[in-house]
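Start counting the sequence shown at 1; every next residue gets the next number (UniProt numbering).
Heads up: the structure comes next, in structure tokens.
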Amino acid sequence: MRIEVKGRNTSVTQAQREQIERRFRKIARQVSELAQLEVELIEESNPSIAEAQIAEATLKLKGVTLRARASAADMGHAINLCEDQLAVQVKRHRDKRRKRRETRAAQQAAAWGAQAQT
1 MRIEVKGRNT
11 SVTQAQREQI
21 ERRFRKIARQ
31 VSELAQLEVE
41 LIEESNPSIA
51 EAQIAEATLK
61 LKGVTLRARA
71 SAADMGHAIN
81 LCEDQLAVQV
91 KRHRDKRRKR
101 RETRAAQQAA
111 AWGAQAQT
């Protein structure tokens, strides 16, 4: 999986890049090697916003795009929350695909069984 890290209104440090690669490694094992992950780190400059550190992740898979957005007072915490949200979406997507495949296989097996009996 290719990971691209961007910063808006903030610069991305090497420590943040390493944290992103470490946190999203679990997701990388569950998706294709061709998947693309874009993580955007945003710092809101409005002083009235308490959780001004925002992390957005966009995972582009074959045929589907998954997005997660999390905000916190600390950028590290925002990255962790964003990864958790995206992990849930990836798991749900994989389970959906697996269930469709199993259902289709069961229907085909039933059809083959019905044809064999006649």
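Glycine included, every Cβ here is placed at the ideal spot set by N, Cα and C.
Check, Outcome
"At least three beta-carbon pairs within less than 8 angstroms, the region 45 to 61 to the region 69 to 84", "yes"
"Cβ distance (whole Å) where V39 is taken to contact L66 below 8 angstroms", "Incorrect: roughly 13 angstroms between the Cβ atoms, too far for contact."
"Residue burial classification, E33 (beta-carbon count within 10 angstroms, cutoff 16)", "exposed"
"Opening and closing residue of the alpha helix (DSSP H) in which V88 lies", "75 to 117"
"Coarse secondary structure for I3, derived from DSSP in three states", "strand"
"Nearest to Q14 (by Cα), restricted to the options L59, Q36, R94, L41", "L41"
"Candidates Q108, E56, A28, A109: closest to M1 by CA position", "A28"
"Terminal residues of the beta strand (DSSP E) in which E44 lies", "No beta strand (DSSP E) holds E44; DSSP gives it neither H nor E."
"Element boundaries [alpha helix (DSSP H), containing A52]", "From DSSP, A52 is part of no alpha helix (DSSP H); its letter is neither H nor E."
"8 angstroms Cβ cutoff met for I20 and V5", "yes"
"Candidates L86, G7, L59: closest to L37 by CA position", "L59"
"Reference D84; option with closest CA among E18, A57, E44", "A57"
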